[in-house]
Amino acid sequence: MSIREKVDEYKKILDIFPNDQEKYQYLIEKAKENDSFPSELRLDNFKVNGCQSQVWLVPEEKDEKLFFNSDSDALIAKGLVTLIASIYSDEKAEDIVSNEIDLMEEFELGVILSPARRNGAYSMLKTIKEYAKKLIT
Numbered sequence: 003m004s005i006r007e008k009v010d011e012y013k014k015i016l017d018i019f020p021n022d023q024e025k026y027q028y029l030i031e032k033a034k035e036n037d038s039f040p041s042e043l044r045l046d047n048f049k050v051n052g053c054q055s056q057v058w059l060v061p062e063e064k065d066e067k068l069f070f071n072s073d074s075d076a077l078i079a080k081g082l083v084t085l086i087a088s089i090y091s092d093e094k095a096e097d098i099v100s101n102e103i104d105l106m107e108e109f110e111l112g113v114i115l116s117p118a119r120r121n122g123a124y125s126m127l128k129t130i131k132e133y134a135k136k137l138i139t
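Numbering (the numbering used here), first residue to last: 3 to 139.
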């Protein structure tokens, strides 16, 4: 499934929720689904800078594609990074770098997230793109 297709799938899911509180709850549920992050990977070099809470993104390259394992010490941030990591996992570095989709706008999360959380989400996206750029160069 392409990045665009994954975004469209998540958009369909998020559009089902009639209010912002239910979208928040969905992010919390995504966070709870992500319980497989090994504590030994909570290293500073995997921390996402620019997030209000602690967020870790660990890249792994397999068969010319990138995969991301993620975690956070805060539920909303963990839900966001889980969602974002699942969109960009199993994709080629070139596709990640060239992707220009604004997830906050696509998912209409800008309205429910505080400015600090929005900045954190953009930092997560930036970190993923930086990992992908390193593989290309």
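Beta carbons are placed, not taken as given, at the ideal position from N, Cα and C, and that holds for glycine.
Count the other C-beta atoms from every protein chain shown that fall within 10 angstroms of the C-beta of residue i, then say buried if there are 16 or more, exposed otherwise.
i, result
"D65", "exposed"
"M3", "exposed"
"S74", "buried"
"N21", "exposed"
"I86", "buried"
Hey, residue i and residue j: beta-carbon distance below 7 Å or not?
i, j, result
"G112", "L29", "no"
"I138", "Y90", "no"
"E108", "K25", "no"
Is residue i a contact residue of the ligand NAP, with contact defined as CB to any heavy atom under 6 Å?
i, result
"D22", "The ligand NAP is absent from the structure shown, which contains no ligands of any kind."
On the premise that residue j lies in contact with residue i, defined as a C-beta separation below 8 Å, what is that separation, rounded to the nearest angstrom?
i, j, result
"L59", "M126", "7 Å"
"A123", "I98", "That pair is no contact at about 16 Å."
"L68", "E93", "6 Å"
Using CA atoms only, rank isn't needed, just tell me which of the options is closest to residue i.
i, options, result
"E62", "Q23, F48, D22, Q56", "F48"
"A76", "K13, D37, E11, Q23", "D37"
"I78", "Q23, D17, K8", "Q23"
"E96", "S88, I15, K136, Q27", "K136"
Excluding the five sequence neighbours on either side, which residues of its own chain have a C-beta within less than 8 Å of the C-beta of residue i, listed in chain order?
i, result
"T84", "K32, A33, E35, N36, S72"
"I5", "I89, Y90, E93, D97, I98, N101, I103"
Taking 7 Å as the limit between beta carbons, can you name the residues of its chain near residue i, skipping five residues before and five after?
i, result
"N121", "G52"
Among the residues of its own chain, which have a CB less than 6 Å from the CB of residue i, if the five just before and after it don't count?
i, result
"L43", "V60"
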